[in-house]
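Structure first, then comments.
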Amino acid sequence: MRDAIYNLGLSRLKELVSFMLLQNCHALHERTMREIMVCVKQSYDVDSLKVDRSSGLISTLGSPKKMNDFDRNALEEGIRIREKAGGKVIAVSVGPESVKEVLKEALAIGADTALYVSGGVPADIDSRGVAHILSKVYSLLADVDLVIMGEGSVDHYSSQVGPRVAESLGLPALTYARSVEVSDTKVTAERDMEGGLYVTECPLPAVVTVVQEINQPRLPTLRSILGASKKEIRQLSLSELGIESANVNPLVTTEEIHSPKNERKKLVLDGSKPEEASSRLVSELKKEGVL
Ligand SMILES: Cc1cc2nc3c(=O)[nH]c(=O)nc-3n(C[C@H](O)[C@H](O)[C@H](O)COP(=O)(O)OP(=O)(O)OC[C@H]3O[C@@H](n4cnc5c(N)ncnc54)[C@H](O)[C@@H]3O)c2cc1C
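FYI, my numbering numbers position 154 of the sequence shown as 154, with every residue one higher than the one before it.
So this is what it looks like as structure tokens:
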């Protein structure tokens, strides 16, 4: 060993020592993540919802479902954090058996494993119930350092699930994040508040909800789609999580979903006398406060 050190020469030795010190510092300051739980909701494709013209009611019957748009950003952020800090990305969904489809997509995009809670979940579960289930999943996984979710869902958009999960687990929550940085034992997020950006940080483990501007989600490749079929999708029922139905039966019920009333004035101006028509138009616009 002594000969080897002599042979290295002083300058090479200095290089080696500084490299070892750097590695040590790196190990101290770059946290190795354990698990990153990304919550993925299967929501309605809101662009294809149908509105009954006479009643104004929105029908979800027959509407296709897809991965909630904000959750694509949550997943992308989870994958980017894993690429920098290590760990495993676990995609989690709650809902009917069909949520498996969005989890297959999440695996193809880059999640390592997936888990869904299905058996016994009420069809009209509310945000409180979903948050209760996700909290139980967090506790079951036991090694989660970071929970990432979308800022809201494109269909029901209550934006309650993230803060509720944090509250029930006693974890800090950073909502509406447009950038996330994980280092050492904390997470730093820039929060997008209208009229200002807040730079906030909190210790890990934590819950973070993200806005769409945070990143550009990657698309799955043919290879990753094929590879996804080998990844694990675990299914759990409420009873396996030790959840009683009283904790997930909805307290909030959605009675009806209407499209906003958009009543038109149906004002028709006679254009045969352009001068009269234009002055009438100006006076009508003034009446409406447009001019
Ligand atoms: C008539 C009716 C039908 C419904 N059908 C369904 C259905 O088919 N599927 C369904 O999931 N819910 C369904 N729900 C439940 C409803 O959408 C819930 O309130 C819900 O899942 C929570 O969504 P949110 O809009 O409150 O979430 P938000 O708080 O707005 O969402 C924030 C984030 O929480 C996470 N999240 C939310 N919900 C889930 C979830 N289910 N799984 C994993 N992560 C989640 C996502 O990361 C999301 O970006 C239905 C409710 C009603 C009234």
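For each residue, glycine too, the CB sits at the ideal point set by N, CA and C.
Practice problem: Report the partner residues of Ser-179 according to the DSSP bridge assignment. | Solution: The residue given as residue 179 occupies position 179 in the sequence shown. Beta-bridge pairing links Ser-179 to Glu-190.
Quiz item: How about Thr-175: is its Cβ closer than 7 Å to a heavy atom in ligand 1?
Solution: Position 175 of the sequence shown, counted from the first residue, corresponds to residue 175. Flag unset: Cβ of Thr-175 not near ligand 1.
Self-check item: Exposed unless 16 or more other CB atoms sit within 10 angstroms - verdict on Asp-143
Solution: Indexing the sequence shown from 1 puts residue 143 at position 143. The residue is exposed, with fewer than 16 neighbouring Cβ atoms inside 10 Å.
Quiz prompt | Sheet register partners of Ser-93 (DSSP bridge) | solution = Taking the sequence shown and counting its residues from 1, the one referred to as residue 93 is at position 93. Answer is Tyr-116, bridged to Ser-93.
Self-check item: Through-space distance from Ala-131 to Arg-164, alpha-carbon basis
Solution: Reading the sequence shown from its first residue, position 164 is the one you call residue 164. Reading the sequence shown from its first residue, position 131 is the one you call residue 131. Roughly 6 Å separates the two Cα atoms.
Quiz item: Exposed or buried, Leu-115, counting other C-beta atoms within 10 Å across all chains shown (16 or more means buried)?
Solution: In the sequence shown, the residue the question calls residue 115 occupies position 115. The residue in question, Leu-115, is buried, as its Cβ has 16 or more Cβ neighbours within 10 Å.
Exercise. Check the DSSP bridge columns for Lys-66 and list the partner residues they point to.
Key: As a working note, residue 66 is residue 66 in the sequence shown. The partner list for Lys-66 (beta bridge, DSSP) reads Ser-43.
Exercise. Using alpha carbons as the reference points, say which of Lys-136, Ile-90, Glu-181 lies closest to Glu-293.
Key: Examination of residue 293 is not possible in this model, given that the chain is present from 1 through 291 alone.
Quiz item: Expressed to the nearest angstrom, what Euclidean distance is found between the alpha-carbon atoms of His-29 and Glu-190?
Solution: To locate residue 29, count along the sequence shown from 1; it is residue 29. To locate residue 190, count along the sequence shown from 1; it is residue 190. Because the pLDDT of His-29 is 46, which lies under 50, any placement of that residue in the model is unreliable, and the question is left without a value.
Quiz item: How big is the Cα-Cα spacing for Val-46 and Val-154?
Solution: In the sequence shown, residue 46 corresponds to position 46, counting from 1. In the sequence shown, residue 154 corresponds to position 154, counting from 1. Answer to the nearest angstrom: the Cα atoms are 7 Å apart.
Quiz item: Is it true that the CB of Met-33 sits closer than 8 Å to the CB of Gly-87?
Solution: For the purposes of this step, residue 87 is taken as the residue at position 87 of the sequence shown. For the purposes of this step, residue 33 is taken as the residue at position 33 of the sequence shown. Taking 8 Å as the Cβ cut-off, Gly-87 and Met-33 qualify as a contacting pair.
Quiz item: Rounded to a whole number of angstroms, what is the C-alpha to C-alpha distance between Ile-243 and Val-161?
Solution: Sequence index remark: in the sequence shown, residue 243 carries index 243 (1-based). Sequence index remark: in the sequence shown, residue 161 carries index 161 (1-based). For Ile-243 and Val-161, the distance between alpha carbons rounds to 17 Å.
Quiz prompt | Spatial distance of Val-182 from Thr-188 (CA atoms) | solution = As a first step, residue 182 must be located in the sequence shown, where it is residue number 182. As a first step, residue 188 must be located in the sequence shown, where it is residue number 188. Rounded to whole angstroms, Val-182 to Thr-188 spans 6 Å at the Cα level.
Quiz item: Helix, strand or coil: how does DSSP classify Pro-203 here?
Solution: Start at 1 with the first residue of the sequence shown, and residue 203 comes out as number 203. Correct three-state label for Pro-203: strand.
Exercise. For Gln-216, name the three-state secondary structure that DSSP assigns.
Key: In the sequence shown, the residue the question calls residue 216 occupies position 216. Reduced to three states, the DSSP call for Gln-216 is coil.
Quiz item: By Cβ distance below 7 Å, which residues in the same chain neighbour Glu-35 in space, the five residues on each side in sequence not counted?
Solution: By 1-based counting over the sequence shown, the position of residue 35 is 35. Correct list, in chain order: Gly-87, Lys-88, Ile-90, Leu-141, Asp-143, Val-144, Asp-145.
Quiz item: Going by beta carbon distance, what residues of the same chain come within less than 6 Å of Val-199, once the five residues before and after it are set aside?
Solution: Here residue 199 corresponds to residue number 199 of the sequence shown, with the count starting at 1. Excluding positions up to five away in sequence, the list reads Glu-190.
Exercise. Starting from Leu-146, follow the beta strand (DSSP E) in both directions and report where the run begins and ends.
Key: Indexing the sequence shown from 1 puts residue 146 at position 146. Taken as a continuous stretch (DSSP letters only), the beta strand (DSSP E) holding Leu-146 covers 144-150.
Exercise. Since I believe Val-121 is in contact with Leu-236 (beta carbons under 8 Å), could you give me their beta-carbon distance rounded to a whole number of angstroms?
Key: As a first step, residue 236 must be located in the sequence shown, where it is residue number 236. As a first step, residue 121 must be located in the sequence shown, where it is residue number 121. Going by Cβ atoms, the distance from Leu-236 to Val-121 rounds to 10 Å, so no, they are not a contact pair.
Quiz item: Going along the chain, which residues of its own chain have a beta-carbon closer than 6 Å to the beta-carbon of Pro-172, five neighbours each way excluded?
Solution: Within the sequence shown, residue 172 is the residue found at index 172, counting from 1. Same-chain partners within the cutoff: Cys-202, Ala-206.
Quiz item: Who are His-132's beta bridge partners in DSSP?
Solution: Stepping through the sequence shown from its first residue, residue 132 is reached at position 132. For His-132, which the question treats as bridged, DSSP gives no partner whatsoever.
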